[in-house]
Every structure is written in structure tokens, then in C-alpha cells.
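Trainee: One line per chain: the protein sequences are D and G, in this order. Each residue of the first sequence is one higher than the one before, counting from 7 in my numbering. Each residue of the second sequence is one higher than the one before, counting from 129 in my numbering. Where is the CB? At the ideal position from N, CA and C, for every residue including glycine.
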Amino acid sequence: MKLLFKRPRSLREIPTHYCPGCGHGIVQRLVAEVVDELDIRERVIGVAPVGCAVIAYDYWDFDCSEAAHGRALAVATGIKRMRPENIVFTYQGDGDLAAIGTAETIHAANRGENLTVIFINNAVYGMTGGQMAPTTLLNQKTTTTPYGRRADREGYPLKISELIAQLPAVRYVERVALYSPQAVFIAKKTIKQAFQNQIENRGFSLVEVLSPCPTYWGMSPKEAMDWIRDVMIKEFPLGRIR
Amino acid sequence: MPRIVIEQDKCKGCLLCASFCPKGLIKKADKLNKLGLNPVEFDAKGCLGCMQCAVICPDCCIRIYK
Numbered sequence: 007m008k009l010l011f012k013r014p015r016s017l018r019e020i021p022t023h024y025c026p027g028c029g030h031g032i033v034q035r036l037v038a039e040v041v042d043e044l045d046i047r048e049r050v051i052g053v054a055p056v057g058c059a060v061i062a063y064d065y066w067d068f069d070c071s072e073a074a075h076g077r078a079l080a081v082a083t084g085i086k087r088m089r090p091e092n093i094v095f096t097y098q099g100d101g102d103l104a105a106i107g108t109a110e111t112i113h114a115a116n117r118g119e120n121l122t123v124i125f126i127n128n129a130v131y132g133m134t135g136g137q138m139a140p141t142t143l144l145n146q147k148t149t150t151t152p153y154g155r156r157a158d159r160e161g162y163p164l165k166i167s168e169l170i171a172q173l174p175a176v177r178y179v180e181r182v183a184l185y186s187p188q189a190v191f192i193a194k195k196t197i198k199q200a201f202q203n204q205i206e207n208r209g210f211s212l213v214e215v216l217s218p219c220p221t222y223w224g225m226s227p228k229e230a231m232d233w234i235r236d237v238m239i240k241e242f243p244l245g246r247i248r
Numbered sequence: 129m130p131r132i133v134i135e136q137d138k139c140k141g142c143l144l145c146a147s148f149c150p151k152g153l154i155k156k157a158d159k160l161n162k163l164g165l166n167p168v169e170f171d172a173k174g175c176l177g178c179m180q181c182a183v184i185c186p187d188c189c190i191r192i193y194k
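1. With DSSP collapsed to three states, give me the class of residue 122 of chain D.
2. Could you have a look at residue 138 of chain D and say whether DSSP puts it in helix, strand or coil?
3. Using alpha carbons as the reference points, say which of D:15, D:8, D:110 and D:28 lies closest to residue 215 of chain D.
4. When you compare only the Cα positions, how much space is there between residue 234 of chain G and residue 139 of chain D?
5. To which residues does DSSP link residue 50 of chain D through a beta bridge?
6. Taking residue 177 of chain G as the query, report the chain D residues whose CB atoms sit under 7 Å from its CB, ordered along the chain.
7. Whole alpha helix (DSSP H) runs in the region 55-89 of chain D with 4 or more residues, listed along the chain?
8. Which bits of chain G does residue 191 of chain D rub up against, with CB to CB less than 9 Å?
9. Do you know offhand how far residue 24 of chain D's Cα is from residue 56 of chain D's?
10. Shorter than 8 Å from the beta carbon of residue 187 of chain G to some beta carbon of chain D?
11. If you measure beta-carbon to beta-carbon, which residues of the region 132-161 of chain D are closer than 8 Å to chain G?
12. In chain D, what lies closer than 8 Å to residue 154 of chain G by C-beta?
13. Can you grab the Cα-Cα spacing for the pair residue 227 of chain D / residue 233 of chain D, in whole Å?
14. Residues of the region 32-49 of chain D with a CB closer than 8 Å to any CB of chain G: list them in chain order, please.
15. When you compare only the Cα positions, how much space is there between residue 150 of chain G and residue 180 of chain G?
16. DSSP state of residue 201 of chain D, grouped into three classes?
17. Whole angstroms is fine: what's the gap from residue 50 of chain D's alpha carbon to residue 113 of chain D's?
18. If you reduce the DSSP assignment to three classes, tell me which class residue 183 of chain D lands in.
19. When you compare the region 187-205 of chain D with the region 96-115 of chain D, are there three or more beta-carbon pairs, one atom per stretch, that lie closer than 8 Å?
20. Closer than 8 Å is the cut-off here; do at least three beta carbon pairs connect the region 153-161 of chain G with the region 148-166 of chain D?
21. Are there three or more Cβ pairs, one per stretch, closer than 8 Å when the region 174-188 of chain D is compared with the region 204-213 of chain D?
22. For residue 192 of chain G, go through chain D and note every residue whose CB falls closer than 7 Å to its CB, in chain order.
23. Please name the residue or residues paired with residue 173 of chain D in a DSSP beta bridge.
24. Under three-state DSSP, which class holds residue 246 of chain D?
25. Between the Cα of residue 89 of chain D and those of D:119, D:240, D:54 and D:63, spot the shortest distance and give me the residue it belongs to.
26. How would you label residue 86 of chain D, buried or exposed, when you count the other beta carbons within 10 angstroms and need 16 or more for buried?
27. Residue 22 of chain D and residue 137 of chain G look like a contact to me (Cβ under 8 Å); what is the Cβ gap, rounded to whole Å?
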């Protein structure tokens with residue numbers, strides 16, 4: 007019998023702390039698979055964010071660094087400038103990349119640093135208890151918007167990928183989602199392309215992944231997947247942005 | 129004939145694999161695992177080896193043999 011699918015080498019054999027049905031587990035496995043396939047495990051350096059994925063460095067079996075809240079891209083810039091032979095990526099959530107770290111994100115993109123960014127957009131703050139994030143959809147209920155987000159009070163969902171795609175130094179921006187196994191396959195292809203861009207010195211690449219948070223959306227894992235497909239991708243359209 | 133192996137002590141019972149299995153071969157187990165959750169179990173008859181369960185599994189606890 008041939009082994010068709012197994013845990014990638016770059017993912018440690020320990021159970022994660024994520025809630026059942028969380029998208030972080032899927033994306034972290036995809037990153038590990040891509041690192042294995044590109045054979046860059048010995049020279050990749052990941053930068054973990056603050057948020058639900060804060061201990062991602064415990065799950066990946068390659069070199070990682072932790073950054074202060076929102077400053078992952080500043081830390082990654084430093085690592086990449088000192089060690090240009092290494093492949094440096096950041097893995098950030100929406101509270102980290104699009105809220106407290108907006109300045110670092112936009113300036114790193116504007117400088118066109120040769121980095122790969124994996125941006126997990128799940129439309130809430132997961133780690134702190136399901137508060138409204140900048141990417142929360144209009145009328146979406148969270149613990150700080152119990153009657154739904156209103157445009158006149160909290161503003162509109164922040165489309166950070168579209169914002170960054172306007173900058174001239176940015177090379178590659180694409181949005182993918184995780185609502186089905188086929189969509190996960192596309193997400194993996196996109197993440198691989200983003201790493202490939204860095205290996206070929208093409209510049210700043212960002213992959214936004216629409217990821218489920220069943221716990222704070224108040225849904226079952228399958229309903230959360232369907233909600234991404236039916237509701238979330240209307241606000242955040244999928245595909246290549248730049 | 130393809131078959132899958134589920135590492136039940138890592139499974140959190142989110143049932144995403146069960147909902148995407150085209151043949152409906154994966155279902156919730158009655159017993160509890162080390163995490164205190166109901167994992168999924170697999171009925172070995174008729175698996176296509178399409179890998180949809182393993183690709184969607186957030187905890188990477190499914191291996192597929194063909």
C-alpha cells in the first residue's frame with residue numbers, strides 16, 4: 007500500500023490548541039507542506055504574530071521568531087536584510103496585520119521588502135474573545151457589536167489586500183478561502199507561488215486567506231465554511247488582486 | 129483498495145471530514161479520546177481515496193493509503 011497523504015515533516019506531531027474546525031490548523035499545514043515541497047526547511051524563518059496563532063512556532067519544525075503585537079513585518083524586514091539568503095515569511099491574523107500593525111504592514115509593502123506574508127482573515131478577534139476586528143462584516147454580530155456592525159458607528163470592513171495592491175513596490179497579492187477541499191487546494195497553490203516569488207527575488211507577496219472561526223461566529227464548523235462561501239466572499243472577492 | 133487512518137487522539141471532532149466525504153463513510157464515535165472529545169471513526173468499505181477528508185482536516189490527523 008502506498009501512503010498518499012500524511013503529516014508534512016515540517017509540522018510537529020503534537021495536537022494544536024485551536025478550537026475544533028479552526029482554519030489556522032489548515033493554513034499551518036499548507037505552509038508546512040509548501041516548505042517541504044520547495045525543500046527550504048533548512049533556510050526558512052517564520053515570524054509568528056500575536057493572536058490565536060501566537061504559538062505557531064511550537065507547531066512548525068523549522069526556525070521561527072516571535073514579534074511584538076503587529077510588528078511581525080518589522081521583525082521580518084530586519085531578519086531578511088541581515089540574512090538575505092534565508093526565506094522569511096510572516097503569518098499574521100487580522101487583529102495583528104490589519105489593526106495594530108497597519109503601519110508596519112503598509113510601510114513594509116511600500117518598501118517592497120522581499121517577504122512572504124500569510125494573512126489570516128477570520129473577521130473577528132479570536133484570542134481575546136470574539137470582539138469586532140477591522141475586517142468584521144457589516145451587520146456581523148460580535149461581542150463588542152452585539153446588534154451587528156454599523157457603518158455609521160464602526161466604519162466599513164477594511165480591505166487591506168486592495169489597499170496594499172495599489173502600492174507600486176508590491177509584487178503579488180491574492181485572496182483565497184478555505185470553504186471546501188478544492189478551495190484549500192487553490193490556497194496551497196497560492197501560498198506556494200508566494201514563497202516561489204521570494205525565492206526568485208521578485209518582491210513583496212501577500213496571500214489573504216479567508217478562514218473560519220466557528221467559535222466566535224457562533225456556528226458549527228460546517229456552517230462556518232458555508233458562511234465563508236455564501237456571505238464572506240461577497241465582501242472579500244477571491245482571486246488575484248495584483 | 130484505499131483506506132484512511134484517523135489518529136483519534138488528535139481529532140477534535142469538528143466533523144468537517146464527515147461533511148465533505150462524498151460517500152459518507154466517516155461518522156462520530158461514541159467513545160471519548162485523550163482530549164475528552166468525541167473523535168470521528170471510519171467505515172472501511174467503499175473509500176475512493178479522494179483525499180477530501182485529509183485536505184480539509186484542521187488537525188492533520190488523517191493518513192490515506194492506496
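Mentor: Let me lay it out:
1. Taking the first sequence and counting its residues from 1, the one referred to as residue 122 of chain D is at position 116. In this structure, residue 122 of chain D counts as strand in the three-state DSSP scheme.
2. Start at 1 with the first residue of the first sequence, and residue 138 of chain D comes out as number 132. Strand at residue 138 of chain D.
3. Indexing the first sequence from 1 puts residue 215 of chain D at position 209. Measuring C-alpha to C-alpha distances from residue 215 of chain D to each of D:15, D:8, D:110 and D:28 identifies D:28 as the nearest.
4. This structure cannot speak to residue 234 of chain G, because chain G is shown only from 129 to 194.
5. Taking the first residue of the first sequence as position 1, residue 50 of chain D is located at position 44. Its beta-bridge partners are D:93.
6. Here residue 177 of chain G refers to the residue found at position 49 of the second sequence. The contacting residues are 10.
7. As far as the region 55-89 of chain D is concerned, its whole alpha helix (DSSP H) runs of at least 4 residues are 62-65 and 78-88.
8. Looking up residue 191 of chain D in the first sequence gives position 185. Neighbours of residue 191 of chain D on chain G, chain order: 183.
9. Working through the first sequence from its first residue, we reach residue 24 of chain D at position 18. Working through the first sequence from its first residue, we reach residue 56 of chain D at position 50. The C-alpha of residue 24 of chain D lies about 14 Å from the C-alpha of residue 56 of chain D.
10. For the purposes of this step, residue 187 of chain G is taken as the residue at position 59 of the second sequence. Yes - at least one Cβ of chain D is within 8 Å of the one on residue 187 of chain G.
11. Under the 8 Å Cβ criterion, the region 132-161 of chain D contributes no residue.
12. The count along the second sequence starts at 1 and reaches residue 154 of chain G at position 26. Going along chain D, no residue has its Cβ under 8 Å from residue 154 of chain G, so there is no contact; the nearest lies around 13 Å.
13. Locating residue 227 of chain D in the first sequence gives position 221, where the first residue counts as 1. Locating residue 233 of chain D in the first sequence gives position 227, where the first residue counts as 1. Distance between the alpha carbons of residue 227 of chain D and residue 233 of chain D is about 10 Å.
14. Flagged, chain order: 32 and 35.
15. Reading the second sequence from its first residue, position 22 is the one you call residue 150 of chain G. Reading the second sequence from its first residue, position 52 is the one you call residue 180 of chain G. Spanning the alpha carbons of residue 150 of chain G and residue 180 of chain G requires a straight line of approximately 8 Å.
16. The residue you call residue 201 of chain D lines up with position 195 of the first sequence. Looking at residue 201 of chain D - three-state DSSP - the assignment turns out to be helix.
17. As a working mapping, residue 50 of chain D is identified with position 44 in the first sequence. As a working mapping, residue 113 of chain D is identified with position 107 in the first sequence. Rounded to the nearest whole angstrom, the C-alpha separation of residue 50 of chain D and residue 113 of chain D is 23 Å.
18. For the purposes of this step, residue 183 of chain D is taken as residue 177 along the first sequence, with counting starting at 1. In the three-state reduction of the DSSP assignment, residue 183 of chain D falls in the strand class.
19. No: fewer than three Cβ pairs fall under 8 Å.
20. Contact fails: fewer than three Cβ-Cβ distances are below 8 Å.
21. Look at the beta carbons and you see the region 174-188 of chain D touching the region 204-213 of chain D: at least three pairs across the two are nearer than 8 Å.
22. Translated into positions along the second sequence, residue 192 of chain G becomes position 64. Chain D residues near residue 192 of chain G: 10 and 11.
23. Taking the first sequence and counting its residues from 1, one reaches residue 173 of chain D at position 167. The partner list for residue 173 of chain D (beta bridge, DSSP) is empty, contrary to what the question assumes.
24. Position 240 of the first sequence, counted from the first residue, corresponds to residue 246 of chain D. In the structure shown, residue 246 of chain D sits in a strand (DSSP, three-state: E or B).
25. In the first sequence, residue 89 of chain D corresponds to position 83, counting from 1. When D:119, D:240, D:54 and D:63 are compared, the shortest CA-CA separation from residue 89 of chain D is found for D:119.
26. Here residue 86 of chain D corresponds to residue number 80 of the first sequence, with the count starting at 1. By the neighbour-count rule (16 or more Cβ atoms within 10 Å), residue 86 of chain D is buried.
27. For this step, residue 22 of chain D is matched to residue 16 along the first sequence. For this step, residue 137 of chain G is matched to residue 9 along the second sequence. Cβ-Cβ separation between residue 22 of chain D and residue 137 of chain G: approximately 13 Å, too far for a contact (criterion under 8 Å).
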